[in-house]
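Each remark here refers to the structure printed beneath this line.
Protein chains: 2
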Amino acid sequence: MYIGVDLGGTNIAVGIVDNFGKIHYQKSIPTGAHRKSDEVIEDIINLIIQVIDEYGLNKEHIKAIGIGIPGLSEPITGNVIQCVNLNWSKIPLKRIMERILNIPVFVDNDATLAGLAEFEIGSMKGKNNGVFITLGTGIGGGIIIDGKIHTGVNGIGSEIGHMVVGKNYYDCNCGRNGCLETFSSATALINYTKKLMEEEEYETLITEKINGDLNNLNGKMIFHAAIREDKLANKAVDRLVKYLAIGIINIASVIDPEIFVIGGGLSKAGVFLLDKVRAEVLKNKFIKNLPVGKIALAELGNEAGIIGAAMLGKHNKF
Amino acid sequence: MYIGVDLGGTNIAVGIVDNFGKIHYQKSIPTGAHRKSDEVIEDIINLIIQVIDEYGLNKEHIKAIGIGIPGLSEPITGNVIQCVNLNWSKIPLKRIMERILNIPVFVDNDATLAGLAEFEIGSMKGKNNGVFITLGTGIGGGIIIDGKIHTGVNGIGSEIGHMVVGKNYYDCNCGRNGCLETFSSATALINYTKKLMEEEEYETLITEKINGDLNNLNGKMIFHAAIREDKLANKAVDRLVKYLAIGIINIASVIDPEIFVIGGGLSKAGVFLLDKVRAEVLKNKFIKNLPVGKIALAELGNEAGIIGAAMLGKHNKF
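Just so you know, the protein sequences line up as chains A and B, in that order. Residue 1 is where the first sequence starts when you use my numbering, and the numbers rise one by one after that. Residue 319 is where the second sequence starts when you use my numbering, and the numbers rise one by one after that.
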C-alpha cells in the first residue's frame, strides 16, 4: 500500500492507495495555511498516522508516501522550493517527514501528480507521452515523457501557466505580460467576463445570477450561460479557448505528445468546453496536414491528487 | 564508420564520420532542388558510394547512414513527410535507400540532427537535457531529453519556430500570427529592419552598405551595424532578442532543460547576441529566484549537419 497526500491551500487530504491506484480509505482536515510550516507538517504527519491506524494497518505495510504540493519542489531532494499560497519557502519536507515516519517520502507539484494519476488510471492510460493541463485559479501542468514524469532540472518545468501566448490587457502575477493563465484560467475567465459586463456591451443571463454584485461571479455561472447561448458568456469562453488552443499547439511544437488532458475546476464544463478546444486546435495547426495529439477531459476528479501522490511513491525506485 | 548526409535546399553534403563524431572525408554537390525527388535521391546514393570508394572503404565498413532533411520526417519509418523547399511529400526515403545500398538508413530533421551533433561533441556535451535553436531563414529546434532525441509522435515536435510568442505585424507562412520565426529568424530580422528603414525614423550605417537597394540587406550587415552602436540596427536586434527570450522561457516552462544552444546563421553574431539573449532571459524569468537553463552558442559550424546525421546512425539500435 501507498499513502498519497494532497496538500492544498484549503485542505490536507490523506489516502491509502493500492498498487492499482484505488483509494481504500481517506480523510481530510483544514490546512490552516496561515500557520507556520512546522505546524502544518505536524498535522500532515499525524493525519497519516491516524489514517494508517484507522484502516487497521501498520507503518510497515506502507511502501512509500507521496505528497503533492501547491508549488515548486526539487523532486530529487524532496525539498519544497516555494508554495506561495502556504507562504512556504525552502523546506526540506522529505527529510523532515522521513526522519519522523521512517517511510520513504516523495514530493512533487500537485498538477504534475494529478497528471500522473491520469497516466496511471485515467485519460492518459496506455499513452507514453501526455500533457495534463489543469484549469483552476491558475494553470498547472503535468508532463509524462516516455512513461515518466518530466519536471525538468531547475524546478520550472511543466509550469505551462506561464507560457507566453499573446498580449493581454493586464499583467500576470509573475510580472510579465501574456502568460497563458492570464487568458485561460478560471480567474482569467472571471476577470474578462467582469470586464465585458462592466463595459455593458451585451445583455447577459449572468446578471440575474450575481445578485447585483460582480464579486459573486464564478466560472460555473459563465459556462452555464455560455451553454444557454448567452453572447457575452460565449465571448468570454471563446477567448479562453482561443489562447488555450495556442498553448496546446505551443506545447505540441516542443514535445508533440500523444494526448492532452484537460482537468481542474473548469473541466467540469465537460464536452461543451472540450468540443470548442478541439475545434480551435484543429483550426490553428501550424502544419495543416499533420495531426496534433488527441485532446480529452480528465477522468479523475478531486481524488486525482491523492492517487497521483501515491503513484509517485510507486514510480520512484527506492 | 558512419555516413552522414546533410540534404539542404542548395547542397547535398556527404561525410564519413567515426564513432567520436570526427569527419574523415567529405564531399558535396548541388542539390538541384527543382528536379524530381527520384533524381535527387539517386545523386545522394551515388555520392555516398563515391565517398566510401574514394576514402578507400567498402560498404561493409559502414555501420549506418543518417540523413538530415530540411523538413519533417517520421523517425520510426524513415519516411519524409514533407520538405517544402525540395517540393517533397510522403517519400519512403529510408526504404528506397536501404533497398539499393543495403546499409541501415535513418532519417530526421536537420535542426534536430545539428542539435544531436552539439549533444555528442559540441556545446551540449555532457548534458542530458538540452534544446538546440537554429536561427536561420526560419527557426528550427533540436531537443534532447534524457540523453535521447525527442521529436514527438506526430512529426510536429521541436518545431519551435512555430511557437506563438506574441502578436506580430505580419502573418507567418503557416497562416497564423505570432510564430517565433516571424520575430527572431534572419528573415524576420531583415523584414523588420527594412520596415524601420522604409519608415526612415533614424539615420543608419546600413544605408551605405546596401547600395541603394533594400534587397541587398542581410543579417550580417544588421549585426555589424548593431555592434557599432547603430540605433536602428539595435532596435531591430533587440526586438529579435526580446521574442527569442520569450521563446526560450516558454520552452523552459514546458521541459526546463539544462541548456539552450543557439546555432544557425545568426549565431555568427557571437557573444554580442549571446549576452543580449542572456540578459533578456534573466530579466524575464517567471520565477525570479529560480534559474533558467544555461544559454550558449553552438560550437560546431556547417559540419554539424553531417556529424549529427552520422550520429543518428550511432544512436539508433539496429
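Even glycine gets a Cβ: it sits at the ideal position worked out from N, Cα and C. Here the structure is a predicted model, which is why all the values come from computation and not from measurement.
Membership of B/Leu434 in the alpha helix (DSSP H) is indicated by the continuous run 428 to 439.
The beta-carbon of A/His162 is placed less than 9 Å from the nearest beta-carbon of chain B.
Residue environment: B/Val402 is assigned as exposed (fewer than 16 neighbouring CB atoms within 10 Å of its CB, all protein chains considered). Counting C-beta pairs closer than 8 Å gives fewer than three between the region 555 to 564 of chain B and the region 439 to 450 of chain B, which falls short of the contact rule.
Against chain A, a Cβ distance below 9 Å from B/Pro388 picks out nothing, because the smallest value is about 14 Å.
The way I'd put it, the region 296 to 316 of chain A does touch the region 255 to 262 of chain A; three or more beta-carbon pairs between them come closer than 8 Å.
Considering only beta carbons, the part of the region 282 to 304 of chain A lying closer than 9 Å to chain B consists of Asn284, Lys285, Phe286, Ile287, Lys288, Asn289, Leu290, Pro291, Val292, Gly293, in chain order. The Cβ of A/Pro92 sits no closer than 9 Å to any Cβ of chain B.
The beta carbon of A/Gly264 is closer than 7 Å to those of Thr134, Leu135, Gly136 in its chain, skipping five residues each way along the sequence.
Following the DSSP letters along the chain, one finds B/Tyr320 inside the beta strand (DSSP E) bounded by residues 320 to 325.
Residues of the same chain with a CB within less than 8 Å of the CB of A/Phe272, apart from the 5 flanking positions on each side, are Phe223, Ala226, Ile227 in chain order.
Relative to the Cα of B/Lys412, the nearest Cα in the group B/Ile359, B/Ala432, B/Ile330 belongs to B/Ile359. Of the residues assessed, A/Lys22 falls on the exposed side of the cut-off, its CB having fewer than 16 other CB atoms within 10 angstroms. Counting the other CB atoms within 10 Å of its CB gives B/Tyr487 a total below 16, which places it among the exposed residues.
In the DSSP assignment, B/Glu392 falls within the beta strand (DSSP E) that extends over 390 to 392.
For B/Asp428 and B/Asn620, the gap between their C-alpha atoms comes out near 11 Å. Using a CB distance cut-off of 9 Å, A/Ile149 does not count as an interface residue toward chain B.
Judged by beta-carbon spacing, A/Ser37 lies beyond the 9 Å limit of A/Asn11, meaning their Cβ atoms are not closer than that value. Minimum Cα-Cα distance from A/Gly152 among the listed residues B/Val335, B/Val572, B/Ile366 corresponds to B/Val572. In the structure shown, A/Phe272 falls within a helical segment according to DSSP collapsed to helix, strand and coil. A/Leu7 counts as buried, since at least 16 other C-beta atoms from the protein chains shown sit within 10 angstroms of its C-beta.
Among the residues of the region 162 to 177 of chain A, those with a Cβ less than 7 Å away from any Cβ of chain B are His162, Met163, Val164, Val165, Gly166, Lys167, Cys174, Arg176, in the order of the chain. Using a Cβ-Cβ cut-off of 9 Å, A/Ala252 counts as an interface residue toward chain B, since at least one Cβ of chain B sits closer than that to its own. CA-CA distance, B/Ile334 to B/Ile421, rounds to 14 Å.
In this structure, the straight-line span from the alpha carbon of B/Phe501 to that of B/Asn495 is close to 10 Å. In the three-state scheme derived from DSSP, where H, G and I count as helix and E and B as strand, B/His342 is classed as strand. Within 10 angstroms of the beta-carbon of A/Ile76 lie fewer than 16 other beta-carbons, which makes it exposed.
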